[in-house]
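Peer 1: Protein sequence lines correspond, in order, to chains A and B. For the first sequence, position 31 matches number 31 in the working numbering, and the numbering has no gaps at all. For the second sequence, position 105 matches number 105 in the working numbering, and the numbering has no gaps at all. Backbone N, C-alpha and C define an ideal beta-carbon position, used for all residues, glycine too.
2 protein chains.
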Amino acid sequence: MPRDADITRERIIAAARKLYYGQGIRSASIDAIAARAGVTKKTFYYHFRSKDDVIAVSLQSRDQPALDIVAGWLNGPGTLAKRLAAVFEGVAPLATNPRWKGCGFLRTVAELASTPGHPAVKAGAAHKKKMEALFADAFRAEGLSKPEDRARQVMILFDGALTEMFVHRDPDYAKAAGRMAALLANN
Amino acid sequence: MPRDADITRERIIAAARKLYYGQGIRSASIDAIAARAGVTKKTFYYHFRSKDDVIAVSLQSRDQPALDIVAGWLNGPGTLAKRLAAVFEGVAPLATNPRWKGCGFLRTVAELASTPGHPAVKAGAAHKKKMEALFADAFRAEGLSKPEDRARQVMILFDGALTEMFVHRDPDYAKAAGRMAALLANN
């Protein structure tokens, strides 16, 4: 059974995630996060050292869930070509979903471009490396040559597709990227 | 000979571009832009209606220069495969350039995710569409089938490469994307 303090911490993280994703990191204040979580600023600072800390922790809270979603598509039934295509078919509907405001990891790294060593920038980069490793594992499991090179190419297509989908709100970019990704499963 | 007012306007645009790219759109104030340009806020507001206006205009000021750089690589000598690879070789050194803070168009769209109709978001999307049209023209000039589909795939690779290069500060992503792009010049 979780402790009350853990529940409060999770509530602050959820509020931060929601506000940062909805409004952007620079726009959402600690006051707004505390108010949304229903806690005082004193309680906020009991759980988090600083705004930088809560930015990083709230982004990290999406790390494993996002990896699990992609792994679910990638490690499902069928040929690897079909499963790679499934990853891109999986994200395609986001393009026209008005609640989707782009990849939170990429947006965070972009918003914090002036502070490259920021813990949230590191968390964003680490997430993308883990995603790339998922793709490499899938190529390795098929016994394909150069799994790391292929994974890197899928990763470029994946983040390229997410980026174009967000800029143009057009799911066709995901489909075009998925066709190229499926070819990477060839010998 | 440019009028003084034109020179002042250009100076404000240059100051805005520098501060927005260096610090981010949300962080750079009108006061800071006016100070950097050496003008009063009254002069600023003689030239620009609002912060949103100067964000859009300063981004647009990079539209044609960025297209010209890519067109220079794409329309140089050699086969189309080599010229497509040259585009990616051209951007690769940015990854390790500490002054490079990612693609300004993509960063602007990311920072303004909460205001999708913002004129700068439209300017960013329009720039990316023009870049895609450059690639389509290159495929069309070679008489290749489905030039728009190929251009869309190059665009995904291009923005995917810029994104990974910025997240990981690793030029190998540009090279990996360039190898895939060169294949798109095949029949």
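Near leucine 162 of chain A, which residues of its chain fall below 6 angstroms by C-beta distance, leaving aside the five closest residues on each side in sequence?
Peer 2: So the list reads Cys103, once near-sequence residues are dropped.
Peer 1: What does glutamine 153 of chain B touch in chain A if you count any residue whose Cβ is under 7 angstroms from its own?
Peer 2: Simply Ala176 and Met180.
Peer 1: Quick check on the burial criterion: 16 or more other C-beta atoms within 10 angstroms. Buried or exposed for lysine 82 of chain A?
Peer 2: Exposed, because fewer than 16 other Cβ atoms sit within 10 Å of the Cβ of lysine 82 of chain A.
Peer 1: List, in order along the chain, the chain B residues whose C-beta lies closer than 7 angstroms to that of isoleucine 156 of chain A?
Peer 2: Those are Leu157, Gly160, Ala161, Glu164, Tyr173, Ala176 and Ala177, listed as they occur along chain B.
Peer 1: By the 10 Å Cβ neighbour count, where 16 or more other Cβ atoms means buried, how is glutamine 64 of chain B classified, buried or exposed?
Peer 2: Exposed is the call here.
Peer 1: Do you know whose CA, among A:Arg26, A:Pro147, A:Gly38 and A:Ile25, lies nearest isoleucine 7 of chain A's CA?
Peer 2: Among A:Arg26, A:Pro147, A:Gly38 and A:Ile25, the Cα nearest to that of isoleucine 7 of chain A belongs to A:Gly38.
Peer 1: Less than 8 angstroms between C-beta atoms, sequence neighbours within five positions excluded: which residues of the same chain meet that for lysine 101 of chain B?
Peer 2: Cβ within range, chain order: Tyr21, Gly22, Arg107 and Phe166.
Peer 1: Run down chain B in chain order and give the residues with a C-beta less than 7 angstroms from the C-beta of aspartate 68 of chain A.
Peer 2: Neighbours of aspartate 68 of chain A on chain B: none; closest Cβ ~21 angstroms, over 7 angstroms.
Peer 1: Does arginine 36 of chain B come within less than 8 angstroms of chain A when only Cβ atoms are used?
Peer 2: Output row for arginine 36 of chain B: interface = no.
Peer 1: Does the distance from the C-beta atom of arginine 169 of chain B to that of alanine 95 of chain B stay below 8 angstroms?
Peer 2: In contact: arginine 169 of chain B and alanine 95 of chain B (Cβ atoms closer than 8 angstroms).
Peer 1: Just the C-alpha distance for alanine 151 of chain B and glutamate 164 of chain A, rounded to the nearest angstrom, thanks.
Peer 2: Their backbone Cα atoms lie some 13 angstroms apart in a straight line.
Peer 1: Would you kindly work out how many angstroms separate the C-alpha atoms of histidine 127 of chain A and aspartate 53 of chain A, rounded to a whole number?
Peer 2: Using only the alpha carbons, I get a separation of about 17 angstroms.
Peer 1: Check this for me: beta carbons of valine 109 of chain B and alanine 125 of chain B, under 8 angstroms apart or not?
Peer 2: It is a contact, given that the beta carbons lie within the stated cut-off.
Peer 1: Per DSSP, what kind of secondary structure is arginine 11 of chain B in: helix, strand or coil?
Peer 2: Helix, per DSSP.
Peer 1: At a Cβ cut of 7 angstroms, what residues of the segment 92-113 of chain B count as close to chain A, listed as they run along the chain?
Peer 2: Answer in chain order: Lys101, Gly102, Leu106, Arg107, Val109, Ala110, Glu111 and Ala113.
Peer 1: Kindly indicate which three-state DSSP category proline 116 of chain A falls into: helix, strand or coil?
Peer 2: Coil at proline 116 of chain A, not helix or strand.
Peer 1: At which residues does the alpha helix (DSSP H) containing alanine 34 of chain B begin and terminate?
Peer 2: That run of the alpha helix (DSSP H) goes 30-37.
Peer 1: In or out: glycine 178 of chain B buried (at least 16 other Cβ within 10 Å) or exposed?
Peer 2: Buried.
Peer 1: Mind listing which residues of the segment 20-49 of chain B have their C-beta closer than 9 angstroms to chain A's C-betas, in chain order?
Peer 2: Here the close residues are Tyr21, Gly22, Gln23, Gly24, Ile25, Arg26 and Ser27.
Peer 1: Cβ of leucine 67 of chain B within 8 angstroms of Cβ of valine 87 of chain B?
Peer 2: No; because the gap between Cβ atoms is not below 8 angstroms, this pair is not in contact.
Peer 1: Out of B:Pro119, B:Thr43, B:Asn187 and B:Lys18, which has the shortest C-alpha to C-alpha gap to phenylalanine 139 of chain B?
Peer 2: Residue B:Asn187 is the option with its Cα nearest to phenylalanine 139 of chain B.
Peer 1: The alpha helix (DSSP H) that contains arginine 152 of chain A, what's its start and end?
Peer 2: Per DSSP, arginine 152 of chain A belongs to the alpha helix (DSSP H) from 147-168.
Peer 1: With a threshold of 8 angstroms between beta carbons, is valine 54 of chain A in contact with chain B?
Peer 2: Output row for valine 54 of chain A: interface = no.
Peer 1: CA-CA distance, alanine 34 of chain A and serine 58 of chain A?
Peer 2: Cα to Cα, the separation comes out at about 14 angstroms.
Peer 1: So alanine 86 of chain B is in the alpha helix (DSSP H); what residue range does that whole segment cover?
Peer 2: Taken as a continuous stretch (DSSP letters only), the alpha helix (DSSP H) holding alanine 86 of chain B covers 80-91.
Peer 1: Tell me which residues of the segment 110-143 of chain A have at least one Cβ-Cβ distance to chain B shorter than 7 angstroms, keeping chain order.
Peer 2: From the segment 110-143 of chain A, only Ala110, Glu111, Ala113, Ser114, Gly124, Ala125 and Lys128 have a Cβ closer than 7 angstroms to chain B.
Peer 1: In chain A, which residues lie less than 8 angstroms from aspartate 63 of chain B when you measure between Cβ atoms?
Peer 2: What aspartate 63 of chain B touches in chain A: nothing, since even the nearest Cβ is about 14 angstroms away.
Peer 1: Do you know offhand how far alanine 176 of chain B's Cα is from alanine 174 of chain A's?
Peer 2: If you take the alpha carbons of alanine 176 of chain B and alanine 174 of chain A, they lie about 19 angstroms apart.
Peer 1: Give me the Cα-Cα distance between leucine 112 of chain B and leucine 80 of chain B, rounded to the nearest whole angstrom.
Peer 2: Taking the straight line joining both Cα atoms gives about 36 angstroms.
Peer 1: Label leucine 183 of chain B either buried or exposed according to how many other C-beta atoms from any shown protein chain fall within 10 Å of its C-beta, with 16 as the threshold for buried.
Peer 2: Answer is exposed; the Cβ neighbour count stays below 16.
Peer 1: Can you tell me the Cα-Cα spacing of alanine 5 of chain A and leucine 144 of chain A, whole angstroms?
Peer 2: Alanine 5 of chain A and leucine 144 of chain A: Cα-Cα distance of roughly 48 angstroms.
Peer 1: What do you get for alanine 92 of chain B, buried or exposed, if any count of 16 or more other CB atoms within 10 angstroms of its CB means buried?
Peer 2: Label assigned to alanine 92 of chain B: buried.
Peer 1: Taking Cβ-Cβ distances shorter than 8 angstroms, what residues in chain A pair up with aspartate 149 of chain B?
Peer 2: Those are Ala176, listed as they occur along chain A.
Peer 1: Report back the beta-carbon spacing between alanine 16 of chain A and leucine 84 of chain A to the nearest angstrom; my notes put them in contact at under 8 angstroms.
Peer 2: At roughly 33 angstroms, the Cβ-Cβ gap does not stay under 8 angstroms, so alanine 16 of chain A and leucine 84 of chain A are not in contact.
Peer 1: Whole angstroms is fine: what's the gap from glycine 72 of chain B's alpha carbon to glycine 90 of chain B's?
Peer 2: Going by the C-alpha atoms only, they are around 10 angstroms apart.
Peer 1: Taking 8 angstroms as the CB-CB limit, is valine 167 of chain B close to chain A?
Peer 2: So, interface residue.
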